[in-house]
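In this note's numbering, the protein residues as written are 112 to 239.
To start, the structure itself, in structure tokens.
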Ligand code: HEC
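Encoded structure:
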């Protein structure tokens, strides 16, 4: 059956249902984009820095931070710390920082904080 004739046969009701369908589809697309932006929009500036400030800077800042690693700036977070390898490697789920998370009492985060840092580094290439 052609949509045109269905609309004609169903009159005003047909148009109303078409409108309902279209607004439903729009709502789904918007919801899907919103869900994705949760992960896709994560950056240092809009996400990671707040976790560092809350859970890391108390130790990893100042003149002599542990392991020579500062978390109170983007440059610090991207730095090497105690060795010659960067602690954050964009896209690398095995980088030092991610391995450190939840490895001991000093580095315990909530599941959502852990997920956010993982998504920032692995899915969003540690974008600033
Ligand atoms: C209570 C103090 C404390 C807090 C809070 C803390 N750390 Fe640490 N961190 C340390 C100490 C001490 C070391 C050195 C010993 C070790 O490697 O465990 C360290 C080492 C590290 C290292 C290894 C650095 C290197 O180059 O060897 C990383 C990465 C790290 N911390 C990241 C973090 C992150 C990210 C947070 C926040 C989620 C955090 N730390 C919170 C005390 C802390």
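No residue lacks a Cβ here, since even glycine has one placed at the ideal position from N, Cα and C.
Being a predicted model, the structure only gives us computed values, none of them experimental.
For residue j and residue i, believed in contact at Cβ under 8 Å, the rounded distance
{"i": "residue 201", "j": "residue 232", "result": "7 Å"}
{"i": "residue 182", "j": "residue 168", "result": "6 Å"}
{"i": "residue 171", "j": "residue 180", "result": "5 Å"}
{"i": "residue 212", "j": "residue 218", "result": "6 Å"}
{"i": "residue 237", "j": "residue 199", "result": "5 Å"}
Exposure of residue i, with buried meaning 16 or more beta-carbon neighbours within 10 Å
{"i": "residue 241", "result": "Residue 241 lies beyond the residue range present for the chain, which begins at 112 and ends at 239; the question has no answer from this structure."}
{"i": "residue 148", "result": "In this prediction, residue 148 has a pLDDT of 49, which is less than 50 and means its spatial position is unreliable; nothing more can be read from the coordinates."}
{"i": "residue 228", "result": "buried"}
{"i": "residue 187", "result": "buried"}
{"i": "residue 124", "result": "exposed"}
{"i": "residue 159", "result": "buried"}
Query raised in the report: Whose beta carbon lies closer than 7 Å to any heavy atom of the ligand HEC, going through the chain in order?
Result: 162, 163, 166, 167, 169, 170, 171, 177, 178, 179, 180, 182, 191, 192, 193, 194, 198, 207, 208, 211, 212, 215, 217, 218, 220
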